[in-house]
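Have a look at the structure below before the remarks.
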Amino acid sequence: MKSISFRNKILALILTIIVVFTLTVIIAITNSFNWILEDIIFENEINNVAQKSELTANWFEKKKSDLEIYANTQIVQFGSWQAKLNYLQSELHKRSDNYFFFFIADHNGNYSTTLEQNAGNISNRGYFEEVLSGKTVISDPIISKSTGKPIIVIASPISGNSLSLLGATIKINDLSNYINRYTIKNEGIYSFIINGKGNIVAHPDQKELNNHHFYNFSSFFDYRYDFVENIKNNERGNLTFKENNIQKHAFYQTIPGTENWKIVSVLPQSYLQQSVDQVNKIIIMISVITIIIAIILSIFLSHNIASPIIQLKNTFQKGASGNLNIRSEINSDDEIGEAAESFNQMMDVIKDLSYNDALTGLPNINYFKKELENYLAELKDEKLYLCAVGIDDFKSINDSFGHNAGDQILKKLANRLSNQLQSAHLISRVGDEFYFYLTENDLKAKQSIEERLENILAHINSDYFINESIIYLKSSLGVSIYPDDSKKIEKLLKNSSLAMHSVKRNSSDKMAFYSVNVDKSISEKKKLENNLAPALKSEEFILHYQSFNAGKSEKVVGFEALIRWQHPTKGLIPPGVFIPLAEENGFIKEIGNWVLEKACREIKLLNDQLESDYYLSVNVSPEQFIAKDFIRTVENALNKTGLEPQNLELEITERTTVENIDYTIEVLDRLNQMGVKTAIDDFGTGYSSLNYIKEFAINTLKIDKSFIDEFLDNLNNRAIVNTIITLAHNLNLSVVAEGVESRQQAEQLKKAGCDIIQGYYYSHPAPLKKIISELKNS
């Protein structure tokens, strides 16, 4: 009877363990997951309604703040009605997604709106007297007298020209949409607001009453919830109720800053059950898939365990048959891997013993390369000269004197080389070419490498006495230098051979050093330069952003825009390669202007998406800065993108500032008047005069990275950095340290009072999409 194979034994064992474990875990998860999932959904909804409450409160406070600002403007207080109308309509246009219309009323309640002048009288409105007493209020829902639409009013007192209040209206529908903007409506989930009296303020299913004007209307909705009386005096909570015989759950939270208004979120029981059912289906699917995977995994693991043993056995058999090139490809950290590695080492030793050239006794090229690699690994701060020697027209010698004579010449040449080098280093033969290497330590006093190689070449080119014949021989020699020409052995061998063959073909000299084709380098540079304009047109340039982190809190406060070139064939080209080319051919201005507008647009997008206020820093080239239309370019970038001027900082170098002091002062003053911040980049590198720094309308000094690199260990650098920080603070300037790569640097800079820190310690430059994703996740 044939025994069960080793592989099948392992398969049965692994399959049994995996299937039993998988089924046990799945059963346990199924029994306990339903109530855990319900608790998770409840907890999540409690957090959601609390968040909605806070967001709604902030929304109301923002609207009240807006009204107070508008009410205290000179135009609203003292301007003509047309001026007020123009101003309010302009603001309404900017905030059309927030407000329905604005209106202004006098002390008697007579009012005009941005839709209609002399629209009526509101003295009998409940909020009117409160506003006259000096409060900014939010009204209960009312029907607009001028439009007949259900609204709430936010009103703030004003003074001047017998005016009493400035009001802004918000449609009830807009308020409902705001609180339900993230709600999954098709699942039956919705939110509504009740006031302190228990009346509904906003509801997604409102019924507009267009033909009736109510001055004190308590509710616009047919909905009646029997739980409202129970919750109106509670701060927060949740309960279960029935609506149209459907069981639902209500979660409520008082809206801060309101007169006991509450936001209520309704979640149907069917939604919970649907989630549980979906999870149960997924668990069943996972169970089936897991069993299938367990079977596949068992087969894989049994194969993975048994296969190396079988493979190693087959490898041993091939090695025993005399195949010295056979090697085990097993690469694991277990005992089998150790056995395979030991076998490979054994075969290496055996093959090394077979590496000698049968004709000359010299090592063959494989052994030569291996030994040279070991030698280079130990070589420190020293050049190595890899030499290739080839016999000129060796084929003619073989043809004229026979291959036996040719073999004798090769052996004699090998002996002459060995005598010259005195076994200092290996010599290898490949056909009629010999390879060896020298270092500067192999030279005699005051002897150059050229003299040493010429002596070797003269010695091996002496006459050869073979079979009673004198054979006149000439050889050529090529040299490749490590590490100047290459650090790779294959490349060095190739280069030395190329140099040797070039001597054979093109020169009366018998020795040459390998040289790089300079034309190729220039041609490559010219190609890149010619591709700059098409690259800008075809949008090959991209922007990455690196964060600025506040020194004290380490929070992200802004970003620096950094350009990259995504070349279609060469990949990502860093700015250090193409920016100098752009500066040389004058294309840097176009690139700089593109970066400015693109970065403004992307940071505006980031701030809008995250409701943040990060600032942007953009490097300005000298060519941009001195251009006559520079200020207009900055204004156009801000106008096109909508980025606020105070969110933009322009970085100019010290060299740029001192080229034309009067012009610099004028431009910086105009930027300052616009609200755009400016920074001196690479400060401390030696260009700026402190005399002029105090005259410049700048906001920030950026300490050059060279001072930060040795900030911890170099006392002079530390003193310079501390001095720059003190100087900047005395001039009411902020300080940015760039190139910070370690926590020790960051902590020391914070102790020194550095305002903002930038560098790889906090973040690497990244595309906008990744930045937004990371900020959202954080």
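Oh and the sequence shown: position 204 is 204 in the UniProt record's numbering, straight run, nothing missing. Glycine included, C-beta positions come from ideal geometry on N, C-alpha and C. Everything numeric in this text was worked out from a predicted model, so none of it was measured.
Counted as a single uninterrupted DSSP element, the alpha helix (DSSP H) harbouring L671 occupies residues 661 to 674.
With respect to the C-alpha of V620, the residue from K149, W594, P308, N732 having the closest C-alpha is W594. Excluding five sequence positions before and after L359, the CB atoms of its chain that fall closer than 8 Å to its own CB belong to D407, L410, K411, R429, given in chain order. Around the C-beta of R125, 16 or more other C-beta atoms lie within 10 Å, and the residue is accordingly described as buried. Contact between I542 and R564 holds, with the beta-carbon distance rounding to 5 Å and staying under 8 Å. Among the bridge pairs identified by DSSP, M511 is matched with L477.
At a Cβ-Cβ threshold of 8 Å, S763 and S547 count as neighbours. Here the C-alpha atom of W81 lies approximately 20 Å from the C-alpha atom of K145.
Here P580 is exposed: its Cβ has fewer than 16 other Cβ atoms, across all protein chains shown, within 10 Å. Each of Y87, E584, K527, D629 was checked against the Cα of N72, and the nearest Cα belongs to Y87. Taken in chain order, the unbroken stretches of beta strand (DSSP E) that lie wholly in the segment 259 to 299 and span 3 residues or more are 262 to 268. Contact between L67 and T169 fails: their C-beta atoms lie close to 11 Å from each other, not under 8 Å. In the DSSP assignment, A320 is bridged to no other residue. Under the Cβ criterion (8 Å, minimum of three pairs), the segment 709 to 716 does not count as touching the segment 658 to 677. Separation of the CB atoms of L473 and K510 is rounded to 11 Å, and the pair is thereby denied contact status at 8 Å.
E651 sits close to A679, with the two beta carbons spaced by under 8 Å.
The residues I172, L175, S176, I179, F192, I193, in chain order, have a CB closer than 7 Å to that of A202 in the same chain once the five nearest residues on each side in sequence are set aside. Counting C-beta pairs with one atom in each stretch, the segment 733 to 743 and the segment 755 to 772 have three or more that are closer than 8 Å, which means they touch. Its chain contains L492, N495, Y514 as the residues whose beta carbon lies nearer than 7 Å to that of D485, once the 5 sequence neighbours on both sides are disregarded; these appear in chain order. For E243, the three-state secondary structure derived from DSSP is strand. One alpha carbon belongs to T290, the other to K63, and they sit about 55 Å apart. Taken through DSSP and simplified to helix, strand or coil, Q546 comes out as strand. By the 16-neighbour rule on beta-carbons within 10 angstroms, P141 is buried. Inter-residue distance for P483 and P363 is about 24 Å (C-alpha atoms, whole angstroms). Note that the C-beta distance between F401 and I466 is below 8 Å.
Around the CB of M500, 16 or more other CB atoms lie within 10 Å, so the residue is classed as buried. Rounded to whole angstroms, V479 and E583 show a C-alpha spacing of 38 Å. Cβ-Cβ distances below 6 Å link P268 to G188, K248 in the same chain, with the five nearest sequence neighbours on each side left out; the list follows chain order. Non-local beta-carbon contacts of P534 in its own chain, meaning distances under 6 Å to residues more than five positions away in sequence, are absent. Its chain contains I330, N331 as the residues whose beta carbon lies nearer than 7 Å to that of G337, once the 5 sequence neighbours on both sides are disregarded; these appear in chain order. Rounded to the nearest whole angstrom, the C-alpha separation of D205 and K570 is 59 Å.
Straight through space, the alpha carbons of V577 and E649 are spaced by roughly 25 Å.
The C-beta distance from I326 to M347 rounds to 7 Å, short enough to meet the 8 Å contact threshold. Under the 10 Å beta carbon count, T16 is surrounded by fewer than 16 other beta carbons and is classified as exposed. Counted as a single uninterrupted DSSP element, the stretch harbouring T633 is not any beta strand (DSSP E) but the alpha helix (DSSP H) occupying residues 630 to 641. For secondary structure counted as the alpha helix (DSSP H) over 4 or more consecutive residues, the segment 29 to 77 holds no complete run.
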